[in-house]
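Written out below as C-alpha cells is the structure these notes cover.
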Amino acid sequence: MNPWHPFARQIKLHVPRRISSEDARRQEKTAQEILRRLAEQPGVVLADEVGMGKTFVALAVAASVALSDKRRRPVVVMVPPSLKEKWPRDFNVFRHECLPTHVARNLTAASAERGVDFLKLLDDPPSRRKSIIFLTHGALHRGLGRGLSGGWVKLALIKRAIHRRKNLGWLKQVLHRRLGDVLEMGAIQWRHPELWEDLLGAQYKDWLDILHDHGIDPEGDDDRRTDDDPVPEAVVRVLERFDTTRLENVLEALHNIPVRDSANYPERLAEARQWLNDALAELWHECLRNLRLRLPLLILDEAHHLKNAQTRLASLFQVPDAAADADEIAARGPLGGVFERMLFLTATPFQLGHEELCSVLERFDGICWRENCSPHAGRETFKKQMTELRQRLDAAQEAALCFDAAWGKLTAADLVAGKQRFDDVEAWWSEVQQAPPASPTAANVLDCHRRAEKALRAAEEVLRSWVIRHHRPRELTGKFAGRKRRQRLPGRSILDEEGHVTEAGMEIPEDALLPFLLAARATACMAESRPVFAEGLASSYETFRYTRQHNAGLDADSQLLDEVKITHAAEWYLTQLEKVIPLRGARASFEHPKVRATAERVLRAWQQGEKVLVFCHFIQTGRALRRVISARLHEAILQEAAQKLRCSPKHAAQHLQRMGRRFFDLDSPVRRACEQEISELLKRYPRLKRHASKLREILRRYMRTPAFLVRFAPLTRRGLKPKGIRDAFRSGAGLESVCRVFLDFLQERCTPEEQTAYVDALLHIQIGEMAGRKARQSFAADELAGQKRGELLLPNVRLVNGTTNPETRQRLMLAFNSPFFPEILITSNVLAEGVDLHRCCRVVIHHDLDWNPSVVEQRTGRVDRIGAKVEWAMDGQPIRVYLPYLAETQDEKIYRVVMDRERWFSVVMGEKFQVDARTTDKLAQRVPLPESVAKNLAFRLEVVR
23 MNPWHPFARQ IKLHVPRRIS SEDARRQEKT AQEILRRLAE QPGVVLADEV GMGKTFVALA
83 VAASVALSDK RRRPVVVMVP PSLKEKWPRD FNVFRHECLP THVARNLTAA SAERGVDFLK
143 LLDDPPSRRK SIIFLTHGAL HRGLGRGLSG GWVKLALIKR AIHRRKNLGW LKQVLHRRLG
203 DVLEMGAIQW RHPELWEDLL GAQYKDWLDI LHDHGIDPEG DDDRRTDDDP VPEAVVRVLE
263 RFDTTRLENV LEALHNIPVR DSANYPERLA EARQWLNDAL AELWHECLRN LRLRLPLLIL
323 DEAHHLKNAQ TRLASLFQVP DAAADADEIA ARGPLGGVFE RMLFLTATPF QLGHEELCSV
383 LERFDGICWR ENCSPHAGRE TFKKQMTELR QRLDAAQEAA LCFDAAWGKL TAADLVAGKQ
443 RFDDVEAWWS EVQQAPPASP TAANVLDCHR RAEKALRAAE EVLRSWVIRH HRPRELTGKF
503 AGRKRRQRLP GRSILDEEGH VTEAGMEIPE DALLPFLLAA RATACMAESR PVFAEGLASS
563 YETFRYTRQH NAGLDADSQL LDEVKITHAA EWYLTQLEKV IPLRGARASF EHPKVRATAE
623 RVLRAWQQGE KVLVFCHFIQ TGRALRRVIS ARLHEAILQE AAQKLRCSPK HAAQHLQRMG
683 RRFFDLDSPV RRACEQEISE LLKRYPRLKR HASKLREILR RYMRTPAFLV RFAPLTRRGL
743 KPKGIRDAFR SGAGLESVCR VFLDFLQERC TPEEQTAYVD ALLHIQIGEM AGRKARQSFA
803 ADELAGQKRG ELLLPNVRLV NGTTNPETRQ RLMLAFNSPF FPEILITSNV LAEGVDLHRC
863 CRVVIHHDLD WNPSVVEQRT GRVDRIGAKV EWAMDGQPIR VYLPYLAETQ DEKIYRVVMD
923 RERWFSVVMG EKFQVDARTT DKLAQRVPLP ESVAKNLAFR LEVVR
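So, in C-alpha cells, the structure goes:
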C-alpha cells in the first residue's frame, strides 16, 4: 500500500547528545507508520508516554506532508497557549538538526494567536507561504478584533459601512479626526494625520502600499518581508455581501460620535466601539463559515481536550449528517471538511473514559471526504469501524469494571493459595494461577480477570489501528544497562540518608500530633464530604489556615473546589485546631513534619550538587516551602562559610558580601583573574563567540554569589585571592565542570535561537539574596505574591504558580535547565504538562499528591524525558521521585488511593472516583492490584517493541 504522503527520507531524527539512535529509530518508524495508516483512514492518535518525543514525531510527519504537497499547502498544528513558544522552538531545532540545509530552507513556519493572523497566513502567495502554521488553541474564537491587525480589519468594516452612502461628507471629516480613538490607534493618527483619508479612499488591495508610503509597519515586526495585506482576502470576500443591518448599526454609532471633546464623548466612543466589535464578531463567524480551503493535515496537541463534543474546540470539527452535500456545507462546523487528515497527540488517552475516547476518535469524521482526497477505506467504512470499536470498548469496560468490583471485595484473608497464606499480593497472584484459590471471593477474582483479559484483547485488536502508544524504558542503556531509570521513594523514604525504600509513612512527632488528631475527628464528623481542611493540614499549617478561612487555596490555575459544608460537630474540632497550630514565621512553618522533611531533603540534594523540582497542590504551601527552604539554605551556606572562615555565621555573611563585591570592581585582582579564566575557557567554544561578552557577565555574576563562594572558592580569613580563582578553574572538577557542562550544552546541543534564549534568560535572573524593599526592586511583582514582611528571598529558590506571568515562567524554566540559578524550583500543576525541566534535574518531590495518577506521572515526566540528566550524567544514578506522606492521616489515605488508581487506570478507562472521606477510607483499605496484572491487562499499541 502506498502511503498518503511519503516519509521524507532526508529526515534524520538522530541528533548526537540530544536524541539517541534508539529513540530516533522508534520516532522515525512511528512517523512512517502514521503516514502509512493515513492512506487508509482519516486520522491517528499518537499517545506515547510523557517525554518520549511526540513533538518530533509530529514534526517529522508534518515536514513529510509539507515537503511533498504539490500545492505547497500548509500543515496546521493547533497547540495549547502554554506551549505556543515550545512548538516553534522545537521546530527550529528540528530544521537545524534533523534536515539537510538545502531541505531546511524550503521548510518554514509561523504562529497565529488570532483568527486574523491565521487568515493572513493562508492568504500568502505560494512563493512565501509557510509550510507549517502553529495555531494557538482559542485563536479561532479570538477572531478579528484584537491588536494592530484587528485595527485594520475594523477600518475595513467602517469603509464597507460608508461605501456608496450619500451625504457623508461631514461624517468623513469626523472620522478623519476621530478614527485613532475609535480604533485605539491614537499613536498612528498622531504621527500620520492623513492616513485614514488615504486608506478610506483606496481599495483594500492598495492599503499595504499606502502604509509603506507612510512608513508604517503593519505587522509590527520591523521586517517588510513578512508584511501582508492588512485585510485578509477572506475578510474582503465576506465584506462584499455582509449583513446590511449590521452595517447600518455601525454607521449609526459612527454618526453619534461627537466632533468635539465633551462630557459624553467617552460614552459615545465606547458605544461606537461596542457596535463595531459586535459587527466584527459576526463578520468573523461569516469568514469561518465561508472558508474556501482544503488543507492536507491538522495536528492537534493535547487532544484529550476534545473529549467533550460540546466544547468550543470540539465544535470546530463537527460535521452534522445531511442528505446532500449542499446541506452538509451549509450546516457544517467551520473547520469540518477543511483538512484531508488529522493527527491527535496526547500522553493520557486512557485517562478518558471509553465513551470519551470514542468521542475524540469520531472527530476524524470532520475531514474532507471528497473522492479525490479521502482515505481509501471511505466514510461508510469509518463509521462501521467506529461502531465496532465502541461495541468492543463497551464490552471491555464492562468486563474491567466487573474485575474491579470483584477485586474490591478481596481482603488479606483471601490471599491464600493451596494451603499457603501470603502477605505479598504479587507472590499470591503468581501462585494462585496454578494452585486453587481458597475462597469464593478469590475464585470470582480469577474468573473476572480471565473475562476482562479476553475482552481487553478483543478491544485492543480494533484500537491498534487508531492509537499508537509507546512506553518509556524502565532501565538505563549503555554503560549502565540494567539499572533503574527511576527510583520511587514513598513515605518516610524521604528521611532515609541511604536511599532505602519503605512504603511506611512518616511518623508525626508527639509535640505536633494534636492538630492532626483534631483534624481526624473533624473528618469523621463529615464523612460524606471531601475533607479539604485535612488535606490542607497534611500539606502545611498555612494551607490549613487558608482553606479554613476561604475554603480555597489550590493553585490559581487549578480546578476550583466545591464549597464544603462543615457540620456543627466538625466546626468545634476545627476551631480548636486553629488555636493550636503554630504560625509564627519560617521557624513555625518548619515545624510541620512534612514541610520539614521536604526542606531537609531539598537541602541534602542541593549539598550533593543536585537541582530539585518540588510540586505542591496549594498556593500557601508553595509560599511556605519557599520561605522555609530559603531560610534553611541560607543558614547552611553561612554555617559552611563560618566553618571555613573560622568565624561566626554573622561575620561569615559580611566576609561573603565583601568577596562578592570584588567581582564587580574593575581594578580588583580577583575581577581580572576571573575575566582572564573565563576568556580562556570561552576560547574553546568558537560557536559561542557572538555571546562571549554576555557569557562572561553571566559566569561572573554567578561566581560572586555566596552559594558559589562556599562551594567552589578556597575561603580563608585573608580573603579571596587571584590564585584561588585560578585554582578553582583549573582543578578539573567543581567550577570548571559546571561551566563546561553548560557551555558544551549551549554549543553542541542548542540552535542559535536557543542559545540566545538561554543567555537572555540567565542575564535577567536575579542572583542576589533580597528582603523587603530591595526584593521589591529586584524581583518581578508576580514572584513576590504572598511574601511576608522581612522574608528573605534567595535566588537559588524560586516559586512558580498560577499567579506567575508567562514571561517569568519561561525565563525561570530556561534558567532551571542550566547549571545556574534557580537550583530549587517549587511549582504547582501549572508546570505539570508540556514543559521541559529535565536537562539538569533528576530529583522530584511530590510534596502534595494529585488525586489523578495521570497528573502525578505528567509532573514526573518534566524531568524524565529524552535527553534528561539521567541519560548524560554518566554516573548511573536514577531519577529520584519522592512521594512523602504522613502516616495515619488523610495524607496516607490519598497516597494509598492514588497508587492503587495508577495501576487501575491502565485497566478501567476513565475511572470516575469520589473523594469524600468515607469513600477514600474504603479505597485506601483495598488490596493493591499487582503490577504484573496491570501490565498484562494494559493495551499494547506499540509500533516498535
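Numbering (this note's numbering), first residue to last: 23 to 967. We put the beta carbon where it would ideally sit given N, CA and C, even for glycine. Quantities reported herein were computed from a predicted structural model and do not represent experimental measurements.
Residue i versus residue j: straight-line alpha-carbon distance, rounded
i, j, result
"Val949", "Arg494", "27 Å"
"Ser690", "Arg684", "6 Å"
"Ala549", "Glu879", "29 Å"
"Arg693", "Ile700", "11 Å"
"Arg93", "Ala294", "43 Å"
"Gln947", "Lys915", "8 Å"
"Phe640", "Ser551", "19 Å"
"Val97", "Val852", "28 Å"
"Leu291", "Asp283", "11 Å"
"Arg649", "Leu815", "7 Å"
"Ala331", "Arg733", "For Ala331, the predicted structure reports a pLDDT of 49, less than 50, and the residue's modelled location is therefore unreliable. A value from the coordinates is still provided. Spanning the two alpha carbons is a distance of roughly 56 Å."
"Gly440", "Ala464", "12 Å"
"His236", "Trp192", "25 Å"
"Glu309", "Asn818", "Reading off the sequence, residue 309 comes out as Cys, not Glu. Distance between the alpha carbons of Cys309 and Asn818 is about 50 Å."
"Leu596", "His590", "10 Å"
"Ala460", "Ala449", "15 Å"
"Ala544", "Ala592", "4 Å"
"Ser954", "Thr403", "37 Å"
"Ala793", "Val624", "Interpretation of Ala793 is limited by its pLDDT of 45, a score under 50 that renders its predicted location unreliable; the figure taken from the coordinates is listed afterwards. If you take the alpha carbons of Ala793 and Val624, they lie about 22 Å apart."
"Lys666", "Gly741", "11 Å"
"Leu201", "Pro215", "10 Å"
"Asp145", "Arg925", "49 Å"
"Gln211", "Gly172", "16 Å"
"Ala345", "Trp109", "Any reading at Ala345 must be qualified, since the residue scores a pLDDT of 28, below 50, and its modelled position is unreliable; no value is offered."
"Ser562", "Thr620", "11 Å"
"Arg718", "Arg151", "40 Å"
Assumed close pair residue i, residue j - CB separation to whole angstroms, cut-off 8 Å
i, j, result
"Ala837", "Arg864", "Ala837 to Arg864, Cβ: 17 Å. No contact."
"Pro728", "Ala663", "7 Å"
"Trp488", "Leu383", "6 Å"
"Gly644", "Ile848", "5 Å"
"Arg414", "Cys380", "Incorrect: roughly 10 Å between the Cβ atoms, too far for contact."
"Ala956", "Val929", "6 Å"
Closest Cα partner of residue i within the set the options
i, options, result
"Ala427", "Pro459, His471, Cys390, Pro458", "His471"
"Asp469", "Ala422, Lys506, Gln442", "Ala422"
"Val892", "Trp218, Arg507, Asn114", "Arg507"
"Pro318", "Asn286, Val360, His307", "Val360"
"Ala909", "Gln598, Met528, Val67, Asp70", "Met528"
"Pro512", "Phe686, His868, Val454", "His868"
"Leu655", "Cys638, Arg645, Phe404, Glu622", "Glu622"
"Ile720", "Phe842, Leu710, Ala256", "Phe842"
"Trp174", "Leu963, Thr433, Trp218, Lys194", "Trp218"
"Gln777", "His713, Thr738, Gly824", "His713"
"His492", "Gln407, Ala53, Ala30", "Ala53"
"Ala546", "Gln32, Gly160, Thr911", "Thr911"
"Pro28", "Leu81, Leu89, Glu71", "Leu89"
"Gln225", "Met207, Pro254, Gly202", "Pro254"
"Ser652", "Lys227, Gln630, Arg618", "Arg618"
"Ala131", "Ala84, Glu119, His159", "Ala84"
Of all the beta strand (DSSP E) runs that stay within the bounds of the stretch 458-540, which reach a length of 3 or more residues?
508-512
Entirely enclosed beta strand (DSSP E) segments - the stretch 124-206, minimum 3 residues
131-134, 154-158
For the stretch 623-637 and the stretch 589-606, state whether three or more C-beta atom pairs, one from each stretch, are separated by less than 8 Å.
no
Mind the definition here: the stretch 780-790 touches the stretch 43-50 only if three or more C-beta pairs lie below 8 Å; say whether that holds.
With the cut-off at 8 Å, the stretch 780-790 and the stretch 43-50 do not touch.
The stretch 110-117 touching the stretch 76-84, judged by at least three CB pairs closer than 8 Å
yes
Three Cβ pairs or more, each shorter than 8 Å: is that satisfied between the stretch 122-129 and the stretch 96-109?
no
Return the chain-ordered ranges of every alpha helix (DSSP H) run that is complete within the stretch 376-445 and spans a minimum of 4 residues.
376-384, 401-430
Taking contact to mean at least 3 C-beta pairs separated by less than 8 Å, is the stretch 670-677 in contact with the stretch 819-839?
no
Ignoring anything shorter than 3 residues, give me the beta strand (DSSP E) runs that lie fully in the stretch 631-698, in order along the chain.
If we require 3 residues or more, the beta strand (DSSP E) runs fully inside the stretch 631-698 come out as 633-637.
At least 3 beta-carbon pairs within less than 8 Å: the stretch 60-76 vs the stretch 384-403
yes
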